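What follows is a set of notes on a single structure, which appears directly below.
In the working numbering, the protein residues as written are 12 to 118.
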């Protein structure tokens with residue numbers, strides 16, 4: 012399943028939905044704790060998003076699956092291609108601790 016907002020993911024969890032729920036856009040850093048608490052899979056495309064996800068997962072002492080989104084030309088959201096490798100490396104650098112890259116979105 013995929014949703015646009017953290018609130019939508021929370022509602023699905025509260026309704027008893029247990030399958031993975033992907034957030035299609037990067038949550039605000041202040042929402043990452045709720046993302047972890049609800050067991051959602053955030054999409055990240057900024058260093059700030061990666062840091063917030065890592066901090067929230069670390070505080071909860073859990074691993075968090077994330078999807079990396081790369082902007083391939085649609086100019087919506089996503090990491091610029093020239094920054095994608097370094098962003099993936101930053102996810103990988105905290106993988107040992109609390110982040111696990113579980114997917115890639117290119118649009």
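Even glycine gets a Cβ: it sits at the ideal position worked out from N, Cα and C. All of these numbers come straight from a predicted model, not from anything done at the bench.
Worksheet entry | Secondary structure of residue 102, DSSP reduced to three states | The residue labelled residue 102 in the question sits at position 91 within the chain shown. The three-state reading of DSSP puts residue 102 in helix, counting H, G and I together.
Discussion item. Could you check whether the segment 20-28 touches the segment 59-76, counting it as contact only if at least three pairs of C-beta atoms, one from each stretch, sit closer than 8 Å?
Written reply: no
Practice prompt. For residue 17, collect the residues of the same chain with a Cβ closer than 8 Å to its Cβ; drop the 5 residues on either side in sequence, then sort them by chain order.
Written response: Start at 1 with the first residue of the chain shown, and residue 17 comes out as number 6. Excluding sequence neighbours, residue 17 sits near 34, 38, 42, 45, 46, 49 and 51.
Worksheet entry | Range covered by the beta strand (DSSP E) that runs through residue 23 | Here the question's residue 23 lines up with position 12 in the chain shown. Looking at the DSSP string, residue 23 is not in any beta strand (DSSP E); the run it does join, the alpha helix (DSSP H), is 17-25.
Item to complete: Under 6 Å Cβ to Cβ from residue 90, same chain only, skipping five residues before and after it: list those, please.
Response: The count along the chain shown starts at 1 and reaches residue 90 at position 79. If we look at residue 90 and ignore the five residues flanking it on each side, its Cβ neighbours are 56, 81 and 98.
Practice prompt. Determine the burial state of residue 77: buried for a count of at least 16 other Cβ atoms within 10 Å of its Cβ, exposed for fewer.
Written response: Taking the chain shown and counting its residues from 1, one reaches residue 77 at position 66. It is buried - the Cβ of residue 77 has at least 16 other Cβ atoms within 10 Å.
Worksheet item: When DSSP labels each residue in this structure, what does residue 62 get in the three-state scheme?
Response: Residue numbering aside, residue 62 sits at position 51 when the chain shown is read from its first letter. Helix at residue 62.
Worksheet item: Can the beta-carbon of residue 102 be found closer than 8 Å to that of residue 75?
Response: Residue 102 sits at position 91 when you count from the first residue of the chain shown. Residue 75 sits at position 64 when you count from the first residue of the chain shown. Contact: no.
Worksheet item: Who are the Cβ neighbours of residue 13 in its own chain at under 6 Å, not counting the five residues just before and after it?
Response: Position 2 of the chain shown, counted from the first residue, corresponds to residue 13. The answer, listed in chain order, is 33 and 35.
Practice prompt. Could you check which residue in 19, 69, 58 and 104 has the C-alpha nearest to that of residue 94?
Written response: Residue numbering aside, residue 94 sits at position 83 when the chain shown is read from its first letter. Nearest neighbour of residue 94 by Cα position, chosen from 19, 69, 58 and 104, turns out to be 58.
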